[in-house]
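Only one structure is covered here, and it is reproduced in the block below.
Protein chains: 2
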Amino acid sequence: MVEHNEQLDSIFGAIADTTRRAMLLSLAQRPHSVGELAAPFDITLAAASKHIKVLERAGLIEREVQGRTHLCRLNAAPMHAGLEWIRHYERFWTQRLDVLEALLKADLAKESAAATDPVAGGHNKPKSKRPR
Amino acid sequence: MVEHNEQLDSIFGAIADTTRRAMLLSLAQRPHSVGELAAPFDITLAAASKHIKVLERAGLIEREVQGRTHLCRLNAAPMHAGLEWIRHYERFWTQRLDVLEALLKADLAKESAAATDPVAGGHNKPKSKRPR
DNA sequence: CGGATATTCAACCTCATGGTTGAACATAAC
DNA sequence: GTTATGTTCAACCATGAGGTTGAATATCCG
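Going down the list, the protein sequences come from chains A and B.
Going by this note's numbering, the first sequence opens with residue 294, and the numbers climb by one from there.
Going by this note's numbering, the second sequence opens with residue 294, and the numbers climb by one from there.
Right under this line is the structure:
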């Protein structure tokens, strides 16, 4: 499992582009030729060809040359690695949602209990400066 | 569904780099200053600063300026969109694994039927690997 | 054979990325 | 105040990405 990192680089790099994501979506329906893949976009065939090569390098599509047309089919398997990587972070947002929910509940409880309590004043801290 | 695409572009783009993925991993432990984030890598602070800005633009980290140090903390929430996108393709690899398994099973059954008697029955369970 | 179709290749352009260096800025410490 | 620390900024460089054009290649069809 040498360069797992390179695999993730190429996968995430490949799907970090709207055009390529749309191509994958087309391929999820059925295999397409290069021309068919290019058709929806306002780019030249050469440009589409490059996109397809990026997807191919990431292992996300396979190509079968049939005469003069190249038939591309989806191979989603490598995406699995990407999903697994992201999934490690899943607990961070679910956790945050849980905390939010807990705070919300606590707040509601406090409000209903603090009809008599005057001092409840949390205040907002200075916001972080905008970069740039 | 306005600029969902830009969000995915920036998220996937941000995590399509080994250094930045490692930074996120550090941040998953606890918040870090810019210097701390940069320390493990053989790059200048300026370069690290740029990486951090990429992560920030993707919304994956938040920065709190504390005096002269900038404390960065993970915000994994935007990754959720990325995970959801990839997950649409999950069925394609699980499906393929199922087909592979079925073929394999059929092959074994045929072989054992040819070699011995017609009991190609209870080898392996279907074991449908259906995540979620 | 010759012509049409499908795709790539090579050269080029522009712009973003990842890296450097050195100066600037802001704040903490003396 | 002066100095040290943490971070960014600006300029620059090299490389790659995404796009174009025009030519080359391979294949099908008449």
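Built from N, CA and C at the ideal position, the CB exists for glycine as well.
- Setting aside the 5 residues that flank it on each side, G352 of chain A is surrounded in the same chain by P371, each with a C-beta closer than 6 Å to its C-beta; the list follows chain order.
- When the Cα atoms are used, G306 of chain B and L393 of chain A turn out to be separated by approximately 28 Å.
- Of all residues in the segment 307-328 of chain A, only I308, A309, D310, T311, R314, L317, A321 place a beta-carbon less than 8 Å from a beta-carbon of chain B.
- In the three-state DSSP reduction, T387 of chain A falls in the helix class (H, G or I).
- At least one C-beta of chain A is nearer than 8 Å to the C-beta of A369 of chain B.
- In the three-state reduction of the DSSP assignment, L338 of chain A falls in the helix class, which pools H, G and I.
- With contacts defined by Cβ atoms closer than 8 Å, L301 of chain B and R313 of chain A do not form a contacting pair.
- T337 of chain B has its alpha-carbon roughly 11 Å from the corresponding atom of L330 of chain B.
- Straight across, the Cα-Cα distance linking H325 of chain B with A369 of chain B is about 15 Å.
- Here the alpha carbons of I354 of chain A and L348 of chain A stand approximately 6 Å from one another.
- The beta carbon of R361 of chain B does not come within 8 Å of any beta carbon belonging to chain A, so the residue lies off that interface.
- The beta carbon of R366 of chain B lies closer than 6 Å to those of P324, E355 in the same chain, with the five residues before and after it left out.
- With a contact defined as Cβ atoms closer than 8 Å, I379 of chain B and I345 of chain A miss out at about 20 Å.
- Residue pairing for S326 of chain A: DSSP places it in a beta bridge opposite A:L364.
- Per DSSP, I308 of chain B is not a residue of any alpha helix (DSSP H), being assigned neither H nor E.
- For G375 of chain B, the enclosing alpha helix (DSSP H) starts and ends at 372-380.
- Going by C-alpha positions, Q359 of chain A is about 36 Å away from H297 of chain B.
- Our two residues, E299 of chain B and T311 of chain B, have alpha carbons roughly 21 Å apart in a direct line.
- For L317 of chain A, the closest alpha carbon among the candidates B:T362, B:E357, B:E383, B:A395 is that of B:E383.
- Take the alpha-carbon of L320 of chain A and the one of L364 of chain A: they are about 10 Å apart.
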